[in-house]
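Notes follow once the structure below has been shown.
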Amino acid sequence: MSNIIWKIKTFDEFTVPELYQILKARIDVFVIEQNCPYPDLDNYDQKAVHIWAEENGDILAYCRVFDKGIKYDETSFGRVLTTELARGKSLGKQLIKYAVETIENRFHTSEIKISAQDYLLRFYSEFGFEDTGKKYLEDDIPHTEMIRK
Numbered sequence: 015m016s017n018i019i020w021k022i023k024t025f026d027e028f029t030v031p032e033l034y035q036i037l038k039a040r041i042d043v044f045v046i047e048q049n050c051p052y053p054d055l056d057n058y059d060q061k062a063v064h065i066w067a068e069e070n071g072d073i074l075a076y077c078r079v080f081d082k083g084i085k086y087d088e089t090s091f092g093r094v095l096t097t098e099l100a101r102g103k104s105l106g107k108q109l110i111k112y113a114v115e116t117i118e119n120r121f122h123t124s125e126i127k128i129s130a131q132d133y134l135l136r137f138y139s140e141f142g143f144e145d146t147g148k149k150y151l152e153d154d155i156p157h158t159e160m161i162r163k
């Protein structure tokens with residue numbers, strides 16, 4: 015039986031252990047696994063709503079969502095990850111569903127812009143995101159801008 019707990023918090027609502035575990039998960043996935051040194055602490059965490067799944071204190075999936083005018087003119091989400099522990103359990107799909115619902119409920123819009131790693135384009139298209147045709151390298155990883163109307 016699973017003891018997965020989903021949490022949604024603003025930066026000021028974090029406990030210190032939660033913040034530590036989230037930052038550790040982001041570094042484990044984006045810096046170590048993807049071999050991509052980049053400035054993870056970008057001063058956007060304070061403006062985000064954070065969504066994550068945990069089990070026994072371990073982060074399994076995570077992302078952060080933003081209201082309009084913070085990252086883009088539209089609402090957005092990013093830093094989407096599932097940790098090694100969680101892969102293959104469809105938590106990524108649940109996470110995106112929660113991210114979209116959180117944006118719709120808190121920010122009252124369905125228009126969302128994201129910067130997607132190219133290998134995830136099909137995954138995001140399942141949630142109604144469309145490729146805008148804007149392609150670029152972000153931290154040496156191919157990305158595509160996607161929008162959901």
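First residue of the sequence shown: 15, per this note's numbering; consecutive thereafter. The beta-carbon is built from N, C-alpha and C at its ideal position, and this holds for glycine as well. Treat the numbers as computed from the prediction; the structure is a model and nothing was measured.
Could you pull the start and end residues of the beta strand (DSSP E) that residue i belongs to?
| i | result |
| --- | --- |
| E69 | 63–69 |
| K148 | 144–152 |
Taking DSSP as the reference, what is the three-state secondary structure of residue i?
| i | result |
| --- | --- |
| K23 | strand |
| S129 | strand |
| T123 | coil |
| G102 | coil |
| Y112 | helix |
| I18 | coil |
| D59 | helix |
| K85 | coil |
Which partner residues of residue i appear in the DSSP bridge assignment?
| i | result |
| --- | --- |
| F91 | V79 |
| S159 | Looking at the sequence itself, residue 159 is Glu, so the reference to Ser does not match. Bridge partners of E159: S129. |
| D72 | E69 |
| T96 | A75 |
Taking the alpha helix (DSSP H) that residue i belongs to, which residues open and close that run?
| i | result |
| --- | --- |
| I36 | 30–40 |
| Y138 | 135–139 |
On a CA-only basis, which of the options is nearest residue i? Give me that one, please.
| i | options | result |
| --- | --- | --- |
| I84 | Y150, L99, K107, N57 | N57 |
| K149 | L135, A62, G142, E140 | L135 |
| E69 | F143, K103, H157 | K103 |
| R162 | T29, D145, E32 | D145 |
| G142 | I22, K127, Q48 | K127 |
| S2 | Q108, Y86, E98, F121 | There is simply no residue 2 to check, as the chain begins at 15 and stops at 163 in what is shown. |
| W20 | S124, D132, G106 | G106 |
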